[in-house]
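In terms of the numbering used here, the sequence shown opens at residue 1 and continues consecutively. Beta carbons: idealized from backbone N, C-alpha and C, even for Gly. None of the values given here were measured: they were computed from a predicted structure. Working notes for the structure below.
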Amino acid sequence: MKIGRISAIAIMLCSAMGLTAGVAHAAPDSAAPVQYATSFGPDGRSVRATLENGMFRPVADGHAVAVVDTAGQTLAELPLAYSVSGHVFPIAAVVDDGGSALTLTPQTVDVAGEVRLQDVDARSDAWDNLVEQWDAGWTVDGGITPGIGAAIGGVIGCILTITEFCIPGAIIGGLAGAAIGVGVANPSFGPAIMGLIATF
């Protein structure tokens with residue numbers, strides 16, 4: 001097993017369990033790098049993200065929430081929808097604390113009825129390819145998009161599985177959510193995640 005792969009697994013596990021924290025490096029003319037952290041909400045059905053030296057700003061058309069630094073530059077955009085087996089579901093977003101905090105709550109009421117869940121048996125080659133593309137996309141925006149995406153995916157994965165399998169579901173969902181974030185930062189990641197999903 002490759003060292004890079006072990007590191008990626010550790011990052012994704014921490015993200016899925018709501019332990020993500022890190023720094024997004026802004027442009028050189030910015031006053032300070034944006035620091036961020038994510039955690040699960042008390043009900044386990046939402047994700048709360050907080051920023052230091054940055055703000056969350058809803059995008060005009062409502063499809064995403066942007067992360068901007070103190071210089072007003074956009075570092076990342078967090079999509080307000082997720083897809084499971086071709087079905088798209090919305091993610092409710094609430095920005096508070098003067099723009100420094102964001103609560104994301106994925107819709108899950110209709111998901112179980114529309115999506116047939118299957119046992120997960122990840123293929124080694126698809127996983128290796130995913131991790132390779134992950135490494136390329138993770139550092140683009142300092143991990144903000146993948147980190148928050150992983151937390152959201154963890155919530156979705158946990159809710160869509162029965163109680164005994166909540167933790168594995170959170171890990172799988174966290175991986176998928178992080179993949180969406182990395183895909184935004186690295187367009188080449190899309191085929192890799194689709195290859196992994198095809199093995200579900």
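- Here A66 is bridged, per DSSP, to R57, E77.
- For V67 and V95, the gap between their C-alpha atoms comes out near 11 Å.
- A check of alpha carbon separations from V65 across A92, F56, V131 identifies F56 as the nearest.
- Per DSSP, V131 has no beta-bridge partner at all.
- In the DSSP annotation of this structure, S46 is not part of any beta strand (DSSP E), being labelled neither H nor E.
- Going by DSSP, P106 is part of the beta strand (DSSP E) stretching over 101-106.
- If you check the CB distance, P90 and A76 do not come in under 8 Å.
- DSSP places A37 inside the beta strand (DSSP E), whose first and last residues are 34-40.
- Just measuring C-alpha positions, the residue of F40, E52, P33, V34 sitting nearest L104 is F40.
- Of the candidates A49, R45, P42, A49 places its Cα closest to the Cα of V34.
- In this structure, D69 and G54 form a Cβ contact; the two beta carbons are roughly 5 Å apart against a cut-off of 8 Å.
- When rounded, the separation of the alpha-carbon atoms in V88 and A101 is 25 Å.
- Partner residues in the beta bridge of A93, as assigned by DSSP, are L104.
- In its chain, beyond the 5 residues on either side, V65 have a beta carbon closer than 6 Å to the beta carbon of P58.
- For P79, same chain residues with a beta-carbon under 6 Å away, outside a window of 5 residues either side, are A64 in chain order.
- C-alpha of R45 to C-alpha of G98: approximately 23 Å in a straight line.
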